Amino acid sequence: MQNDKKFVVITSIFSPTAAVLAFTRQKGWKVIVVGDDKSPKDWHLDEVIFLPIEEQSKSGFCTESLLPRNHYARKNIGYLTAMRAGAEIIFDTDDDNHPLSNWGIEPFAEAFLLSASNMGFVNIYKSFTTQTIWPRGFPLERLSIADANSDLHVGAVIENIQIGVWQGLTNGDPDVDAIYRMTVNEHCNFDTREPIVLGKDTFCPFNSQNTSFRKEIFPLLYLPSTVTFRFTDILRGLIAQPIMQAAGYYLGFHSATVVQERNPHVYLRDFEQEVPCYLYAQKVIEIVSSTIQNARTVTENLIVAYKQLAIEKIVTIEEVSRVIAWVKDITDCTS
25 MQNDKKFVVI
35 TSIFSPTAAV
45 LAFTRQKGWK
55 VIVVGDDKSP
65 KDWHLDEVIF
75 LPIEEQSKSG
85 FCTESLLPRN
95 HYARKNIGYL
105 TAMRAGAEII
115 FDTDDDNHPL
125 SNWGIEPFAE
135 AFLLSASNMG
145 FVNIYKSFTT
155 QTIWPRGFPL
165 ERLSIADANS
175 DLHVGAVIEN
185 IQIGVWQGLT
195 NGDPDVDAIY
205 RMTVNEHCNF
215 DTREPIVLGK
225 DTFCPFNSQN
235 TSFRKEIFPL
245 LYLPSTVTFR
255 FTDILRGLIA
265 QPIMQAAGYY
275 LGFHSATVVQ
285 ERNPHVYLRD
295 FEQEVPCYLY
305 AQKVIEIVSS
315 TIQNARTVTE
325 NLIVAYKQLA
335 IEKIVTIEEV
345 SRVIAWVKDI
355 TDCTS
């Protein structure tokens, strides 16, 4: 993929961080940083395409005027900007995730270890560490279920498959929920192991910290904006997985290639924003899986999924309008 157009997309309300600077040094990648009201007015870093809030309104994207300010979903403007520039791969991360010396992305089409199918939710962290730890968005009611916490490398088979999304793990302070941080709260450096791909009807939450998307499923980058900050990327990932599988693409996980030096958080506030993760993770998978159809396109399934999620009151009806605008913007960017 030497000739692919590859973009790193980050959103930040801070002055340029060391992590952002480190991504500008990754050969063959262009970096887009999306600003917001709280971002410094003099934000500047050589080799970075910075999108201040004032400039976003001039983008011409239908989505822009529908997105709230001071919300993580402003990152959607960065994704669309990358698509307009001809992106083939979009790498999604945050301004406190530092690339390690082994940073890079796995191929999107090759022979990989494929886990068993029909396992429901699995705790992918248990395939890369023996620590007691689980990813943000993992259904708490499955924490004590042996199958959900098994090592997926055991019994996996090698198959040639198409990857839609690669989720890399994060060392140091990985993506866990507030309950973990208020109880166990141990740092984790994951084991280096062969990548593992989830089989059909096997699911795990994925986030926006160390995540690569291929062009064919760019519509699934959409971050919903009528939900909380701590739910938005988790909800995106839950919606994406059944739609990807229907289109013949899979979700893969690989060893850590970034380390997080986490920006300040208030754990109790995080918990409050994560309540929808605890309540709705399994329900979202059930709703989307029962709503989509293999014969539909990725964008068609995305829209019908959000319509049903609005009926079930997991998102508001306004979210559906924003998804439709998003799909129009993508069509305009890629046509």
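The numbering used here puts the sequence shown at residues 25 to 359. No residue lacks a Cβ here, since even glycine has one placed at the ideal position from N, Cα and C. These numbers were taken from a predicted model, which means no experiment stands behind them.
Per the Cβ contact rule, the stretch 81–99 is in contact with the stretch 328–347 (3 or more Cβ pairs under 8 Å). Linking Ala170 to Leu176 through their CA atoms gives a straight-line distance of about 12 Å. Each residue's CA atom was taken as its position, placing Ile203 and Cys212 some 16 Å apart. DSSP lists Asn184 as the bridge partner or partners of Ala135. Tyr274 carries a strand assignment under DSSP once its states are collapsed to helix, strand and coil. Where Ser236 is concerned, the enclosing beta strand (DSSP E) starts and stops at 234–238.
In the DSSP secondary-structure assignment, Phe253 is not bridged to any residue. Lys331: not part of any beta strand (DSSP E); member of the alpha helix (DSSP H) spanning 322–335, first to last residue. For a cut-off of 8 Å, the C-beta gap from Leu69 to Pro40 is around 4 Å, short enough to register as a contact.
Phe47 and Pro123 have their alpha carbons spaced roughly 7 Å apart. Rounded to the nearest whole angstrom, the C-alpha separation of Ile101 and Val55 is 13 Å. Burial check for Met107: the Cβ neighbour count within 10 Å reaches 16 or more, so the residue is buried.
Judged by DSSP secondary structure, Val344 falls within the alpha helix (DSSP H) whose first and last residues are 341–358. Between Arg286 and Asp197 a beta carbon distance of about 5 Å is seen, short of the 8 Å cut, so the two are scored as contacting. With a threshold of 16 other beta carbon atoms within 10 Å, Glu71 falls short and is exposed.
Scanning its chain for C-beta atoms nearer than 7 Å, with the 5 sequence neighbours on each side dropped, one finds around Phe85 the residues Ile101, Leu104, Asp353, in chain order. In this structure, the straight-line span from the alpha carbon of Val282 to that of Asp199 is close to 12 Å. In the structure shown, Leu104 adopts helical secondary structure according to DSSP, grouped into three states.
Judged by their CB atoms, Cys228 and Pro159 are nearer to each other than the 8 Å cut-off. In terms of CA proximity to Asn94, Ile77 leads the group Ala109, Gly110, Ile77, Ser83. Sequence-distant partners of Asp118 (beyond 5 residues in either direction) whose C-beta falls short of 6 Å from its own C-beta, in its chain, are Gln233. Around the C-beta of Asp215, fewer than 16 other C-beta atoms lie within 10 Å, and the residue is accordingly described as exposed. Here the stretch 186–196 lies against the stretch 124–141, with 3 or more beta-carbon pairs under 8 Å apart. Measuring C-alpha to C-alpha distances from Tyr274 to each of Lys82, Ser139, Tyr149, Glu336 identifies Ser139 as the nearest.
By the neighbour-count criterion, in which 16 or more other beta carbons inside 10 Å mark a residue as buried, Gln269 falls on the buried side. For Val221 against Ile263, the beta-carbon gap comes to about 19 Å, at or over 8 Å, which does not count as contact. Take the alpha-carbon of Ala109 and the one of Glu296: they are about 38 Å apart. When DSSP states are grouped into helix, strand and coil, Cys228 belongs to the coil group. In the structure shown, Gln155 adopts coil according to DSSP, grouped into three states.
Between the alpha carbons of Asn209 and Val290 lies a gap of roughly 14 Å.
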